[in-house]
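Worksheet for the structure shown next.
Number of protein chains: 2
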Amino acid sequence: MSGTPNDDRRTRRRQATLTEIVDAAWEIVREHGLAGLSMRDLGERVGMRGQSIYSYFASKNEIYDAMFCQGYEAFIEWVDDRSSAEGSSEDPTMAAKLMAHTFIDFCTSDPVRYQLLFQRTIPGFEPSPESYAVAVQGYEQARQQLIRFGVNDQATFDLWTAMLTGLSDQQISNDPGGDRWERLVDRAVEMLLADAATHLHQESEQA
Amino acid sequence: MSGTPNDDRRTRRRQATLTEIVDAAWEIVREHGLAGLSMRDLGERVGMRGQSIYSYFASKNEIYDAMFCQGYEAFIEWVDDRSSAEGSSEDPTMAAKLMAHTFIDFCTSDPVRYQLLFQRTIPGFEPSPESYAVAVQGYEQARQQLIRFGVNDQATFDLWTAMLTGLSDQQISNDPGGDRWERLVDRAVEMLLADAATHLHQESEQA
DNA sequence: GTCTATAATCTGATAGAC
DNA sequence: GTCTATCAGATTATAGAC
Numbered sequence: 107m108s109g110t111p112n113d114d115r116r117t118r119r120r121q122a123t124l125t126e127i128v129d130a131a132w133e134i135v136r137e138h139g140l141a142g143l144s145m146r147d148l149g150e151r152v153g154m155r156g157q158s159i160y161s162y163f164a165s166k167n168e169i170y171d172a173m174f175c176q177g178y179e180a181f182i183e184w185v186d187d188r189s190s191a192e193g194s195s196e197d198p199t200m201a202a203k204l205m206a207h208t209f210i211d212f213c214t215s216d217p218v219r220y221q222l223l224f225q226r227t228i229p230g231f232e233p234s235p236e237s238y239a240v241a242v243q244g245y246e247q248a249r250q251q252l253i254r255f256g257v258n259d260q261a262t263f264d265l266w267t268a269m270l271t272g273l274s275d276q277q278i279s280n281d282p283g284g285d286r287w288e289r290l291v292d293r294a295v296e297m298l299l300a301d302a303a304t305h306l307h308q309e310s311e312q313a
Numbered sequence: 107m108s109g110t111p112n113d114d115r116r117t118r119r120r121q122a123t124l125t126e127i128v129d130a131a132w133e134i135v136r137e138h139g140l141a142g143l144s145m146r147d148l149g150e151r152v153g154m155r156g157q158s159i160y161s162y163f164a165s166k167n168e169i170y171d172a173m174f175c176q177g178y179e180a181f182i183e184w185v186d187d188r189s190s191a192e193g194s195s196e197d198p199t200m201a202a203k204l205m206a207h208t209f210i211d212f213c214t215s216d217p218v219r220y221q222l223l224f225q226r227t228i229p230g231f232e233p234s235p236e237s238y239a240v241a242v243q244g245y246e247q248a249r250q251q252l253i254r255f256g257v258n259d260q261a262t263f264d265l266w267t268a269m270l271t272g273l274s275d276q277q278i279s280n281d282p283g284g285d286r287w288e289r290l291v292d293r294a295v296e297m298l299l300a301d302a303a304t305h306l307h308q309e310s311e312q313a
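First to last, the protein sequences are chains A and B.
The number in my numbering is simply the position in the first sequence, starting from 1, with 106 added.
The number in my numbering is simply the position in the second sequence, starting from 1, with 106 added.
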């Protein structure tokens with residue numbers, strides 16, 4: 107009863123509408139903030155009534171969840187694309203700086219996405235297990251990258267995430283569109299690398 | 107026509123109600139998030155109808171503004187109380203660590219306040235000039251403190267704020283109630299001090 | 001799958017009696 | 001200064017026709 111050409115067409119069409127809705131949700135949220143997403147606006151933007159969205163998503167939180175998932179997929183792709191270029195670099199310091207810029211560019215290029223992925227700001231929202239798994243995958247990818255630069259224990263990694271999210275956060279909050287904190291990234295990486303060298307754990311946690 | 111004992115009593119009573127309302131607003135916001143503040147809830151908590159609040163505040167944003175102002179006053183007092191104790195310390199490294207803990211304790215002890223003071227998360231809200239002046243005063247106080255530790259140029263100060271807000275933010279977002287990032291503070295300060303020493307600007311910006 | 005209709009509730013804010 | 005009454009909407013979500 108399944109697998110007919112007609113079913114194929116139908117699911118493809120449905121999938122297209124799903125991504126169309128999520129894309130429209132990102133647009134709204136970039137204009138009116140994370141909390142400013144409403145089903146009516148969303149329906150209007152995608153060419154249907156707000157109530158019809160419920161044929162695709164059971165609730166508003168399910169839309170946030172799809173955005174959360176898509177955001178982390180974008181993160182993984184963003185880092186993948188740029189780390190292959192870094193891999194060809196000989197200088198590990200240079201590679202670490204590139205990685206840091208890659209992360210901060212991702213954050214500052216879309217502040218609302220940063221807010222959804224890396225901060226807890228929507229009161230009722232908890233990511234589904236499936237979306238959370240994607241988030242963990244992104245986190246692990248970043249951790250594996252840093253291990254290459256000698257960041258092989260949890261404490262040092264936590265210090266790096268604090269520094270990099272701190273730079274992103276200040277850049278977004280206090281100098282949107284500028285580079286007041288972004289231009290401190292190279293200096294921050296040099297500082298972190300020097301620190302990591304003095305706190306080296308000999309037992310690497312690599313596989 | 108003014109200055110009679112009756113006027114005195116009246117303004118004192120009014121002032122008491124004003125702070126009572128702001129205190130109740132903090133309670134609500136700690137329970138339901140920054141965006142979860144409503145005039146009806148606020149009125150109920152303070153013992154009047156929601157509409158009566160408008161006798162004290164012209165709009166909801168004026169309440170956010172009062173909270174913003176009060177939050178920065180609390181920050182100034184918090185730092186003042188603890189920096190006098192630090193002043194008696196001989197070791198500048200120790201003093202810097204105490205200052206960093208003071209800042210991060212302030213942030214993590216009240217996440218919603220941190221959100222209101224240091225992040226831009228309420229869509230329509232802009233602090234009034236009066237409240238903004240208090241914020242600038244708090245910022246300047248922190249800057250003057252760091253100058254004592256050799257952080258005498260803007261770039262180095264920006265790096266410190268990024269590190270300290272980054273640690274606060276990670277602590278709040280990813281380990282609420284714990285100390286996973288808080289326990290990295292001493293190490294972070296040592297790292298920042300070593301960095302500041304190598305980037306010393308001879309022309310101090312002190313008065 | 002999309003519609004209309006609507007439930008049920010919340011929102012900030014104003015007018016005017018007392 | 002607090003109340004009642006009310007405006008003028010907004011919100012998420014469901015039921016049922018087509």
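Cβ atoms here follow ideal geometry from the backbone N, Cα and C, with glycine treated the same way.
Please say whether residue j and residue i have beta carbons closer to each other than 8 Å?
i, j, result
"serine 274/B", "cysteine 213/B", "yes"
"valine 152/A", "valine 218/A", "no"
"proline 229/A", "glycine 139/B", "yes"
"threonine 271/A", "glutamine 221/B", "no"
"glutamine 225/A", "valine 185/A", "no"
"leucine 290/B", "alanine 206/A", "no"
"glycine 177/A", "leucine 223/A", "yes"
"isoleucine 159/A", "isoleucine 182/A", "no"
"leucine 231/B", "asparagine 167/B", "For the record, residue 231/B in the displayed sequence is phenylalanine; it is not leucine. The answer is yes: Cβ separation under 8 Å."
Excluding sequence positions up to five away, which residues of its chain have a Cβ less than 8 Å from the Cβ of residue i?
i, result
"leucine 265/B", "Leu298, Asp301"
"isoleucine 278/A", "Cys213, Thr214, Pro217, Tyr220"
"serine 189/B", "Met205, Thr208, Gln251"
Given this structure, state the Cα-to-Cα distance separating residue i from residue j, to the nearest angstrom.
i, j, result
"threonine 199/A", "alanine 303/A", "12 Å"
"aspartate 281/A", "alanine 164/A", "38 Å"
"leucine 124/A", "aspartate 114/A", "15 Å"
"alanine 180/B", "methionine 145/B", "24 Å"
"arginine 120/B", "tyrosine 162/B", "8 Å"
"glycine 149/A", "glycine 142/B", "25 Å"
"glutamate 311/A", "asparagine 258/A", "Here glutamate 311/A scores only 47 on pLDDT, less than 50, and its place in the model is too uncertain to base an answer on."
"arginine 254/B", "lysine 203/A", "30 Å"
"asparagine 112/B", "glutamate 133/A", "56 Å"
"serine 215/A", "proline 235/A", "27 Å"
"valine 295/A", "alanine 191/A", "19 Å"
"histidine 305/A", "leucine 252/A", "14 Å"
"aspartate 292/B", "threonine 227/A", "28 Å"
"methionine 173/B", "glutamine 250/A", "43 Å"
"aspartate 211/A", "glutamine 157/A", "37 Å"
"valine 242/B", "threonine 117/A", "56 Å"
"alanine 268/B", "threonine 110/B", "51 Å"
"aspartate 197/B", "arginine 286/B", "26 Å"
"alanine 130/B", "alanine 122/A", "47 Å"
"phenylalanine 209/A", "histidine 307/B", "29 Å"
"alanine 201/B", "alanine 239/B", "27 Å"
"glutamate 288/B", "glutamate 137/A", "35 Å"
"aspartate 187/A", "aspartate 187/B", "50 Å"
Who are the Cβ neighbours of residue i in its own chain at under 7 Å, not counting the five residues just before and after it?
i, result
"glycine 244/A", "Tyr178, Phe181, Ile182"
"serine 237/A", "Asp171, Phe174, Cys175"
"arginine 155/A", "Gly149"
"alanine 313/B", "Caution applies to alanine 313/B, whose pLDDT of 41 falls short of 50 and renders its modelled position unreliable; the value that the coordinates give is listed next. Here the set comprises nothing."
Beta-carbon within less than 6 Å of residue i's beta-carbon, same chain only, minus the 5 sequence neighbours each way: which residues are those?
i, result
"glycine 256/B", "Ala302"
"isoleucine 169/B", "Ala131, Phe163"
"aspartate 147/A", "Ile134"
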